[in-house]
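Written below as structure tokens is the structure these notes are about.
In the numbering used here, the protein residues as written are 18 to 106.
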């Protein structure tokens, strides 16, 4: 499996307060970004995998909603997560 428990802990430790802080918006955005990158690579090789394409679009929408929430709540945390994950140019 591409997403192991150790990788999840690493993402949550880096972007949350601790490795068990899974509810923080930044940690969820980072996890979604990791999954989006993996699905994008999969779709480059398997162009006709439409169920994966749908899952990718749903993940992008979830990440967008979380980013909008974070932007409305705390603009500094929003800017920080954008820089850490290189989401905007």
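Even glycine gets a Cβ: it sits at the ideal position worked out from N, Cα and C.
Candidates the options: closest to residue i by CA position
i           : options        : result
residue 22  : 95, 48 and 105 : 48
residue 103 : 73, 41 and 51  : 51
residue 80  : 25, 24 and 53  : 53
residue 73  : 26, 58 and 36  : 58
residue 88  : 42, 19 and 24  : 42
Sequence-distant residues of the same chain with beta carbon closer than 8 Å to residue i, five excluded per side
i          : result
residue 44 : 28, 29, 32, 33 and 38
Cβ-based burial, residue i [other Cβ within 10 Å; buried from 16]
i          : result
residue 56 : buried
residue 95 : buried
residue 98 : buried
Coil, strand or helix - residue i by DSSP
i           : result
residue 36  : coil
residue 104 : coil
residue 21  : coil
Contacts around residue i, its chain only, beta-carbon distance under 7 Å, and the 5 residues preceding and following it disregarded
i          : result
residue 60 : 66, 69, 70 and 73
residue 36 : 26, 29 and 30
residue 83 : 42, 45 and 46
Below-8 Å beta-carbon distance, residue i vs any chain D residue
i           : result
residue 103 : Protein chains in the displayed structure number just one, and chain D is not present.
Check your understanding: At which residue ranges does the region 39 to 105 contain complete alpha helix (DSSP H) runs of 4 or more residues, listed in the order of the chain?
Key -> 42 to 62, 67 to 90 and 92 to 102
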